[in-house]
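In the working numbering, the protein residues as written are 89 to 313. Remarks on the structure that follows.
The following block contains the structure:
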């Protein structure tokens, strides 16, 4: 066997080991399909997809399957649970209507949603698709941010949401609120809706905006499961 043949075998073996290690870590290893941290997520704008989401919501308005239309669409496109979590945080920030304070709203919204995920032993979908828990991003109505859930477009906001979601879950980012901060209310989302009673009974854990113009207020609930 020549020296060149031995060298070629060693190089191929090393490359195979690297590929296996990368694949095992959950990273995409194919050349043209490799995504980067700054890549924007896939958009879902087909009218047939939206019609199916609406149909499923209407048929299951009072059941745990209300948001199965989203779930099936994301499964078909191989969207990861981590990305679904980030999509929800992004859409909820948009739904909050905080304007110039939108970047500030990322932290309390992300922490509340991640706190719920932790209490559910990491089950992201059981949190995201819990019936009517995030209606401002999943239900279909004029003020809802469902289009932003399906198609995030603001790269700066997406990058911030992705960073904080990852850092909060990994512990790299110190939480600003306690672990039992599991609710928030979007006071600027729509004038059609009145704040629920628990906004007066649960203890506030954090807020964005002033008392004269609250945008997002997070609340504690030690009994939430």
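Cβ atoms here follow ideal geometry from the backbone N, Cα and C, with glycine treated the same way. For clarity, every value in this text was computed on a predicted model and none was experimentally measured.
CA-to-CA, the gap between residue 140 and residue 281 works out to about 26 Å. The C-alpha of residue 208 lies about 20 Å from the C-alpha of residue 226. Between residue 219 and residue 159, the CB-CB gap reaches or exceeds 9 Å. Contact check between the segment 245-263 and the segment 145-158: fewer than three CB pairs, one atom from each, fall below 8 Å, which does not count as touching. Only residues of its own chain outside the window of five on either side were considered, and among them 268, 270, 271, 290 have a CB closer than 7 Å to the CB of residue 309, listed in chain order.
For residue 292, the enclosing beta strand (DSSP E) stretches over residues 292-296. CA-to-CA, the gap between residue 132 and residue 274 works out to about 25 Å.
Out of 303, 277, 294, 192, the CA that lies nearest to the CA of residue 229 is found in 277. Each of 203, 243, 178 was checked against the Cα of residue 233, and the nearest Cα belongs to 178.
Contact between residue 303 and residue 297 holds: their C-beta atoms lie close to 4 Å from each other, under 8 Å. Rounded to the nearest whole angstrom, the CA to CA distance from residue 165 to residue 243 is 21 Å. If you draw a straight line from the Cα of residue 197 to the Cα of residue 163, it is about 25 Å long.
Straight-line spacing of the CA atoms in residue 305 and residue 292 works out to 7 Å. Counting every other CB atom within 10 Å of its CB across the protein chains shown gives residue 195 a total of 16 or more, marking it as buried. By alpha-carbon distance to residue 148, the top candidate from 186, 171, 217, 240 is 217.
For residue 236, the uninterrupted alpha helix (DSSP H) run begins and ends at 234-238, by DSSP. Take the alpha-carbon of residue 182 and the one of residue 286: they are about 23 Å apart. The DSSP-derived three-state label of residue 274 is strand. Within the model, the alpha-carbon separation for residue 257 versus residue 202 is close to 7 Å.
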